[in-house]
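Data block below; observations after.
What follows is the structure, given as structure tokens:
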């Protein structure tokens, strides 16, 4: 079937479509139907089925005779370690940890926070919780103590599983002192903690509360899989909220399994025995969906990578792993490719390795600028697929479904909606806009399986945050348009559509133009306050390695480029060259904070920022062009 036929089949009978997709999952008791809509606009999928996520991700592959296949391949260029764990070994390790957790009283429905770096034990902890029906909540390793404490108080875990430390290219991140401080701050106290002691740092354990990973499991009886209802929470994943309080995105087990199983084949073209690598972190949604659960559900080998795209030790580390591990599909963030492109603009490191089995590169997490996609296409000669989804949805809203058919790539577009997603571009009045017009992107309810049914202990906040602005729709918070062929274009977050003298303009469109300049490796555009026009665009330019030209000349060329390609209406007159952009640990540019600095407003230091020192660098750069009155972190 073609993509259009598959999408039409879903449109014609969503119930039959998803019940058929559910056949790819092992159920203890099959669901009587797919959609449960009696509490609309709160929808649930496969609610009366009984299922276990760990069984589907691990045990069934061992039962099928593939226990000797590598399930998890750990690659840590920081520690120079590489090792593979087979499905049979993974089953033993997960069952042992689950048995130890059960012996200490962890049962179905209990919450467990996981605070670990990119090591196989992080996935084992997630799967051990799933094995028992416990609800895990992974917090990005090294997150500040206060932020961890907020999450402890929100999900009230019975236990916390952590590592003694995490590793950055030039430093050790001390996890245990952060964990101890978070527990001290939090009103809720976990009953116990399990600490995986790494060679690089042995943490001090609190007597009576803390247990070492191996000692904790000594002599325990392995746990069997506990079936749970289809609407039982598999995990809680916190994402930033506009109020400063994090939002606990809930993922129900049944829909989570069905959607990820469907996406692994149809979106990423991955079958059992294939090798898949998502270069992300278990602290983010990509780590949940496509480092842990998705590849293992498919019976593939998944790569757990502890390192950076550059500096561990060089900008060829991704390509070395793709060569050595014979990766078929590779998934990363555009910001990672831009970092590599900046260090290796001519692709010299790429030519040192042979990616013989690589069939596609997938990009997500932020908008992929056409220049970066063209650079990757040139050097790899495989489809470079931008696709779009969110923490809330858990899997692709729009993609180029290589497992169904390879659609023509349109630069700047994540292609077309996937089955389950009725994507609309709405005006401020809530009515659909014609093709080519910029508006708010919304998805008609119900959302498909695998997407968030609600927020943890915050149903009213869920309704207010996502379902109120456009009744009958899920508000994505993104702005864009659809072309005549049905291809979607994500131009900016809704907040990043700026109003210049009454003209609604996309900062993403301006960034696309700036990124096409041969000396620009990465860029960002924000809308700063302007007394005359309301808002005015301001560009930030990071230059490629080896560029020695006058910055003023490059800025002048960039201003002319925007004027030429977008027009005088953009009023793009100012840009500044900076060494780096402030980002979250997952690679998203902190544009809202940059706006506050440019406008001289106080701001709260973002909890997810990768390096707080960058904000001072931004302030200094803006002062050099007469902007950025005194601002402060409050």
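Residue numbers (the UniProt record's numbering): 1 to 634.
We put the beta carbon where it would ideally sit given N, CA and C, even for glycine.
Residues sharing a beta bridge with residue i, DSSP
i           : result
residue 703 : Residue 703 is absent from the model: the chain starts at 1 and stops at 634.
residue 440 : 426 and 479
residue 44  : 36
residue 417 : 398
residue 522 : 542
residue 451 : Paired residue(s): none; residue 451 is not in a bridge.
residue 115 : 162
residue 168 : 171
residue 193 : 160 and 210
residue 384 : 361
residue 247 : 239
residue 120 : Partner(s): none; residue 120 has no beta bridge.
Residue from the options with nearest C-alpha to residue i
i           : options               : result
residue 276 : 392, 507, 328 and 220 : 328
residue 101 : 6, 213, 28 and 40     : 213
residue 73  : 106, 99, 103 and 119  : 119
residue 229 : 580, 46 and 557       : 46
residue 490 : 499, 510 and 500      : 510
residue 350 : 314, 282, 522 and 92  : 314
residue 642 : 563, 166 and 30       : A query on residue 642 cannot be resolved here, the shown segment of the chain reaching from 1 to 634 and no further.
residue 434 : 69, 481, 338 and 367  : 481
residue 585 : 611, 563 and 595      : 611
residue 281 : 565, 30 and 123       : 123
residue 198 : 19, 273, 269 and 116  : 116
residue 257 : 394, 200 and 182      : 394
residue 320 : 16, 568, 565 and 77   : 77
Inter-residue Cα distance where the pair is residue i and residue j
i           : j           : result
residue 127 : residue 168 : 25 Å
residue 422 : residue 448 : 9 Å
residue 271 : residue 333 : 23 Å
residue 318 : residue 305 : 10 Å
residue 431 : residue 26  : 42 Å
residue 55  : residue 61  : 9 Å
residue 67  : residue 138 : 27 Å
residue 94  : residue 57  : 11 Å
residue 297 : residue 250 : 19 Å
residue 311 : residue 79  : 13 Å
residue 446 : residue 392 : 14 Å
residue 613 : residue 292 : 32 Å
residue 194 : residue 85  : 21 Å
residue 52  : residue 255 : 12 Å
residue 353 : residue 331 : 18 Å
residue 516 : residue 108 : 52 Å
residue 8   : residue 38  : 25 Å
residue 173 : residue 162 : 13 Å
residue 182 : residue 458 : 23 Å
residue 410 : residue 483 : 11 Å
Classification of residue i by the beta-carbon crowding that lies within 10 angstroms, buried from 16 upward
i           : result
residue 1   : exposed
residue 371 : buried
residue 466 : buried
residue 110 : buried
residue 356 : exposed
residue 591 : buried
residue 324 : exposed
residue 326 : exposed
residue 151 : buried
residue 335 : buried
residue 146 : exposed
residue 11  : exposed
residue 187 : exposed
residue 499 : exposed
residue 105 : exposed
residue 653 : Not covered by the structure: residue 653. The range shown for the chain is 1 to 634.
residue 643 : Outside the modelled stretch of the chain, which goes from 1 to 634, sits residue 643, for which no answer is possible.
Residue i in three-state terms, based on DSSP
i           : result
residue 302 : strand
residue 91  : helix
residue 144 : coil
residue 225 : coil
residue 372 : helix
residue 624 : coil
residue 583 : strand
residue 254 : helix
residue 360 : strand
residue 335 : helix
residue 611 : coil
residue 547 : coil
Any non-hydrogen atom of the ligand ATP within 6 Å of residue i CB
i           : result
residue 472 : This structure lacks the ligand ATP; in fact it carries no ligand of any kind.
Chain C contact for residue i (CB, 7 Å cutoff)
i           : result
residue 175 : Protein chain content of the structure displayed is limited to a single chain, and chain C is not contained in it.
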